[in-house]
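Just so you know, the protein sequences line up as chains Z and W, in that order.
So the first sequence is residues 1 to 236, counted in this note's numbering.
So the second sequence is residues 1 to 236, counted in this note's numbering.
Ideal Cβ placement from N, Cα and C applies to all residues, glycine included.
Below: the structure, in structure tokens.
Number of protein chains: 2
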Amino acid sequence: MNASKILPGELRRHPLFGGLDDAQLAQLLETARIIHLDEGQHLFQCQQQASQFFMLRSGTIRLYLSAPDGSEKVIHLITAGETFAEAITFMEGQVYPVNASALDACEVLAFSNQTFRAILRESTDTCFRLMADMSTWLKRQLADIDALTLQNATLRFTNYLLHQVPTGAEHEATIKLGAPKHVIASRLSIQPESFSRILRNLQREGHIIAEGNLIHIKDLDTLGQTVAQPHPFKNL
Amino acid sequence: MNASKILPGELRRHPLFGGLDDAQLAQLLETARIIHLDEGQHLFQCQQQASQFFMLRSGTIRLYLSAPDGSEKVIHLITAGETFAEAITFMEGQVYPVNASALDACEVLAFSNQTFRAILRESTDTCFRLMADMSTWLKRQLADIDALTLQNATLRFTNYLLHQVPTGAEHEATIKLGAPKHVIASRLSIQPESFSRILRNLQREGHIIAEGNLIHIKDLDTLGQTVAQPHPFKNL
DNA sequence: CAAAAGGTTTAACACAGGTCAAGGTGATCG
DNA sequence: CGATCACCTTGACCTGTGTTAAACCTTTTG
């Protein structure tokens with residue numbers, strides 16, 4: 001599948017490509033490819049040589065780590081419009097540090113690292129955009145480490161929920177989980193069984209109403225505050 | 001304290017500055033400052049406006065996160081020669097995402113973000129160096145997330161130990177912990193008490209000999225393999 | 001040098017969340 | 001339309017690690 005169908009405007013909408021001129025964009029598209037993935041199919045594996053980076057057009061991609069014993073940990077869920085693996089070119093070894101597989105049917109744009117590096121060589125503006133991009137990945141990962149070490153499972157989930165709330169929501173909101181619950185659970189480093197229990201507890205305590213992959217938050221302010229302290233009345 | 005005493009060669013040894021020409025280096029040094037920190041003193045606090053990044057000349061700096069309940073998590077220990085906070089200029093908000101304090105007396109070089117950005121504008125080579133630098137931070141954090149989610153406390157510690165082993169060591173090695181044990185423990189997201197137990201267990205099982213802040217590894221190959229499976233004979 | 005302070009170790013106990021096992025529900029399929 | 005499969009839930013149990021408390025250094029300090 002070649003890239004003749006890729007629209008320049010589609011790329012320009014992404015901050016990373018927002019500063020490219022027509023010639024640079026054409027240059028990038030020349031070596032770009034469209035990749036179709038079926039559900040469950042891998043885009044790349046950990047440790048594999050990285051010659052491309054990607055932008056997801058549609059579907060959901062799961063970035064995850066595998067342990068020798070077979071257990072897995074979802075690092076990030078990519079949704080339509082996001083780029084990923086754009087920083088790998090600058091790592092020594094230039095191999096993907098995670099696995100990437102499709103959660104459902106996906107359409108992915110694949111760009112040549114080599115071509116993009118050539119463009120970066122000529123454009124400090126795009127360098128700056130990539131560095132801004134990389135810094136948001138750094139901040140995201142830092143937030144994850146914070147969550148893993150300083151928050152308990154329930155708090156990780158409520159924070160996750162609150163991050164899904166569309167801007168502008170006032171007091172309540174209904175969130176649709178973008179992936180099977182066990183995938184969200186892995187993203188939050190929680191076992192499916194624990195995730196289920198957390199959901200039940202939050203519902204029992206009146207914070208949310210969960211129905212399938214829809215979660216209704218009754219009060220945005222209460223959630224996150226009340227839940228924050230695991231044992232507010234421990235010493236009474 | 002001005003920067004008249006900063007030697008250009010000192011900076012050039014660091015990969016980040018390795019591509020700067022004399023004029024650029026002079027420009028950077030013009031707005032650089034030397035900062036002396038006493039033990040325990042803060043270099044910056046989380047959420048503080050970031051107008052500088054740093055290179056540590058001597059001593060040890062602790063980068064850490066704080067939770068509202070007062071608990072802390074050491075993210076990284078900076079040792080002499082390392083740069084840090086160099087990526088913050090590209091984050092939106094441009095505030096430090098962590099705290100930084102001195103574990104002992106430190107001498108720190110502080111560089112102006114504004115000046116460095118000006119240099120980056122003129123030098124894609126230095127952009128590439130900074131991106132390589134940022135990608136190693138990304139990979140480090142990923143390794144931490146991996147460790148936190150897919151490894152237990154003992155494994156995190158043995159992996160940490162093995163990373164401290166100087167290259168070239170054959171079968172055994174003696175590691176000197178570069179910080180108080182409770183700081184290393186926090187770096188590994190382990191409580192001091194648990195850390196102490198892990199040390200005792202590894203010693204009882206004959207893997208290491210611990211004496212103060214010195215840890216002797218009896219067999220580099222055995223450690224990391226034998227220890228890897230928590231319960232190898234669980235089902236016997 | 002006694003006292004205070006900070007770091008480390010030990011032991012007893014507690015618990016969040018992992019593990020195991022079983023059952024439910026809904027979708028897909030031959 | 002029964003069978004299979006994937007996902008989710010529930011309950012009982014287990015364990016790694018946190019917590020609490022106390023004792024033990026070692027170093028610093030008045």
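query: Using a Cβ-Cβ cut-off of 9 Å, state whether Cys127 of chain Z counts as contacting chain W.; result: yes
query: Give me the residue from W:Glu205, W:Ala185, W:Leu223, W:Asp133 with the minimum Cα distance to Asn159 of chain W.; result: W:Leu223
query: So for Val98 of chain W, helix, strand or coil by DSSP?; result: coil
query: So if DSSP puts His216 of chain W in a beta bridge, which residue, or which two residues, is it bridged to?; result: W:Thr174, W:Ile209
query: Val108 of chain W and Ile34 of chain W - do their beta-carbons sit closer together than 9 Å?; result: yes
query: Is the beta carbon of Ile78 of chain Z closer than 9 Å to that of Leu65 of chain Z?; result: no
query: Kindly say whether Ile241 of chain W, judged by its beta-carbon, lies nearer than 9 Å to any beta-carbon of chain Z.; result: This structure gives no information on residue 241 of chain W, because the portion of chain W shown stretches from 1 to 236.
query: With a threshold of 9 Å between beta carbons, is Lys234 of chain W in contact with chain Z?; result: Because the pLDDT of Lys234 of chain W is 33, which lies under 50, any placement of that residue in the model is unreliable, and the number read from its coordinates should be weighed accordingly. Taking Cβ atoms only, chain Z never reaches closer than 9 Å to Lys234 of chain W, which makes this a no.
query: Whose C-beta lies closer than 8 Å to the C-beta of His14 of chain Z among residues of the same chain, with five residues either side of it excluded?; result: Met55, Gly81, Thr83
query: Once the 5 residues before and after Phe233 of chain W are set aside, which same chain residues still bring their CB inside 6 Å of it?; result: Since pLDDT at Phe233 of chain W reaches only 38, below the 50 mark, its modelled position is unreliable, and no value is offered.
query: For the pair the stretch 122-139 of chain Z and the stretch 43-50 of chain W, tell me if three or more CB-CB distances fall below 8 Å.; result: no
query: Determine the chain Z residues that contact Thr124 of chain W at a beta-carbon separation under 9 Å, and present them in chain order.; result: Leu120, Arg121, Glu122, Ser123, Thr124, Cys127
query: Using Cβ-Cβ distances below 9 Å, what residues of the stretch 67-94 of chain Z are close to chain W?; result: Ala67, Pro68, Asp69, Ser71, Glu72, Lys73, Ile75, Ala87, Ile88, Thr89, Phe90, Met91, Glu92
query: Please determine, among W:Arg117, W:Ala118, W:Ile75, W:Glu10, the residue with the shortest C-alpha to C-alpha distance to Ser101 of chain W.; result: W:Ile75
query: Can you give the Cα-Cα distance for Ala32 of chain Z and Leu188 of chain W, rounded to whole angstroms?; result: 41 Å
query: How should Pro230 of chain Z be labelled, buried or exposed, when 16 other C-beta atoms within 10 angstroms of its C-beta is the threshold for buried?; result: Unreliable positioning characterises Pro230 of chain Z in this predicted model, as indicated by a pLDDT of 49, which lies under 50. The coordinate reading is nonetheless provided below. Answer is exposed; the Cβ neighbour count stays below 16.
query: Given that Ile184 of chain W touches chain Z, what residues does it touch there, using C-beta distances under 9 Å?; result: In chain order: nothing, as chain Z lies at least about 15 Å away.
query: Any idea which residues DSSP pairs Ser58 of chain W with across the strands?; result: W:Glu107
query: Taking only three categories from DSSP, how would you classify Ile6 of chain W?; result: coil
query: For the alpha helix (DSSP H) containing Ile184 of chain W, list its first residue and its last residue.; result: 181-187
query: Would you please state the rounded distance, in angstroms, between the beta carbons of Leu177 of chain Z and Thr115 of chain Z? I believe it to be under 8 Å.; result: Contact flag wrong, Cβ pair sits at about 37 Å.
query: Between the stretch 142-153 of chain W and chain Z, which residues of the former have a C-beta closer than 9 Å to a C-beta of the latter?; result: Leu142, Ala143, Asp144, Ile145, Asp146, Leu148, Thr149, Leu150, Gln151
query: Beta-carbon of Met134 of chain W versus every beta-carbon of chain Z: anything under 9 Å?; result: yes
query: Where His244 of chain W and Trp137 of chain Z are concerned, what is the direct C-alpha to C-alpha distance, given to the nearest angstrom?; result: The structure shown does not extend to residue 244 of chain W, since chain W is modelled only from 1 to 236, so the question has no answer here.
query: Along chain W, which residues have their Cβ under 7 Å away from the Cβ of Pro97 of chain Z?; result: Lys139, Leu142
query: Hey, out of Z:Leu120, Z:Pro97, Z:Leu43, whose CA is closest to Leu16 of chain Z's CA?; result: Z:Leu120
query: Just checking my contact of Lys73 of chain W with Thr149 of chain Z at CB under 8 Å: how many whole Å lie between their CB atoms?; result: 4 Å
query: Please name the residue or residues paired with Gln52 of chain W in a DSSP beta bridge.; result: W:Ser112
query: Just to make sure I have the definition right: I need the residues of chain W whose C-beta is within less than 8 Å of the C-beta of Ser189 of chain Z. Which are they?; result: Leu148, Thr149
query: Kindly indicate which three-state DSSP category Arg13 of chain W falls into: helix, strand or coil?; result: coil
query: Quick check on the DSSP output: the alpha helix (DSSP H) that includes Ile145 of chain W runs from which residue to which?; result: 124-150
query: Please list the partners that Leu130 of chain Z has in chain W, where partner means a Cβ-to-Cβ separation under 7 Å.; result: Met131
query: Considering Cα atoms alone, identify which of W:Asp144, W:Thr89, W:Cys106, W:Ile145 is closest to Ala118 of chain W.; result: W:Thr89
query: On the DSSP bridge assignment, give the partners of Thr79 of chain Z in chain order.; result: Z:Thr60
query: Using a beta-carbon distance below 9 Å, is Leu65 of chain W in contact with chain Z?; result: yes
query: Leu43 of chain Z lies in the beta strand (DSSP E); which residues open and close that run?; result: 42-44
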